[in-house]
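Visitor:
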Amino acid sequence: MPRIERSAKVEWEGSVSRGAGTITGDTGAFSGLPYTLASRLGDPEGKTSPEELLAAATAGCFTTSLGSELARDKTPPTRMEIHCLIVMDEVPDQGHQIVGAEITVHVEVEGTSEEALAAAIERADEGCPFSSLLRRAGATVTVKRA
1 MPRIERSAKV
11 EWEGSVSRGA
21 GTITGDTGAF
31 SGLPYTLASR
41 LGDPEGKTSP
51 EELLAAATAG
61 CFTTSLGSEL
71 ARDKTPPTRM
81 EIHCLIVMDE
91 VPDQGHQIVG
101 AEITVHVEVE
111 GTSEEALAAA
121 IERADEGCPF
131 SSLLRRAGAT
141 VTVKRA
């Protein structure tokens, strides 16, 4: 696989505690996503956060990883729904840290056994760069079927 580079920017006005910003992907796929410290720590009020974007990225990565594993097994999925919950918590002497990711998998696939599907999900988790990154950072990553 070739080297992949993607980028985004945040534009922020005001202090961190009372200011506000937007997050924009340089591809143009998303732009001006509103973001504040208050919405990050409390009620999102329709705004995004780095944690939500990490959850989306992790779910997206896992989806393509699982789809690839199922295609490799010659049992491509007819539908997948992958949900990721990112957990950030206070860690003693380290401040707030990403401590976990909970990935929930709902997949519809024909012509495979439960054992083969479970094996494909396990390989997808092992092969997902975001799952690997989170684990190397010390976070717990769990994957379960819906």
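Numbering-wise (my numbering), the sequence shown opens with residue 1 and increments by one.
From the three backbone atoms N, C-alpha and C, an ideal C-beta is built for every residue, glycine too.
1) Give every residue of the same chain whose Cβ lies closer than 8 Å to the Cβ of Lys144, excluding the five residues on either side of it in the sequence, and list them in chain order.
2) Where does Cys84 fall in DSSP's three states?
3) For the beta strand (DSSP E) that contains Arg145, what are its first and last residues?
4) Within 10 Å of its beta-carbon, does Glu69 have 16 or more other beta-carbons around it, so buried, or fewer, so exposed?
5) Tell me where the alpha helix (DSSP H) around Pro129 begins and ends.
6) With three or more C-beta pairs closer than 8 Å as the rule, is the stretch 57-73 touching the stretch 112-130?
7) Can you tell me whether Glu176 is helix, strand or coil according to DSSP?
8) Spatial neighbours of Gly14 within its chain, please: CB distance less than 7 Å, with the 5 preceding and 5 following residues excluded, ordered by chain position.
9) Are the beta-carbon atoms of Thr75 and Gly111 separated by less than 8 Å?
10) Relative to the alpha-carbon of Ala8, which residue among His96, Pro34, Val91 and Thr27 has its alpha-carbon at the smallest distance?
11) Leaving aside the five residues before and after Ala139 along the sequence, list all residues of the same chain whose C-beta is less than 7 Å from its C-beta, in chain order.
12) How is Asp73 classed by DSSP in three states: helix, strand or coil?
Guide: On the basis of the data shown:
1) Taking the sequence shown and counting its residues from 1, the one referred to as residue 144 is at position 144. These residues qualify, in order along the chain: Glu102, Ile103, Thr104 and Val105.
2) Reading the sequence shown from its first residue, position 84 is the one you call residue 84. Cys84: strand per DSSP, three-state reduction.
3) For the purposes of this step, residue 145 is taken as residue 145 along the sequence shown, with counting starting at 1. That run of the beta strand (DSSP E) goes Thr140 to Arg145.
4) As a first step, residue 69 must be located in the sequence shown, where it is residue number 69. The residue is buried, with at least 16 neighbouring Cβ atoms inside 10 Å.
5) For the purposes of this step, residue 129 is identified with residue 129 of the sequence shown, where counting begins at 1. Pro129 to Arg136 is the span of the alpha helix (DSSP H), which, as asked, contains Pro129.
6) yes
7) Here the chain has residues from 1 to 146 only, and residue 176 is not among them.
8) Translated into positions along the sequence shown, residue 14 becomes position 14. The answer, listed in chain order, is Ala20.
9) Here residue 75 is taken as the residue at index 75 of the sequence shown, counted from 1. Here residue 111 is taken as the residue at index 111 of the sequence shown, counted from 1. Taking 8 Å as the Cβ cut-off, Thr75 and Gly111 qualify as a contacting pair.
10) One-based indexing of the sequence shown puts residue 8 at position 8. Taking only the C-alpha atoms, the option nearest Ala8 is Thr27.
11) Position 139 of the sequence shown, counting from 1, holds the residue named residue 139. Result list for Ala139: Ile98, Val99, Gly100 and Ala101, in chain order.
12) Here the question's residue 73 lines up with position 73 in the sequence shown. Three-state result, Asp73: coil.
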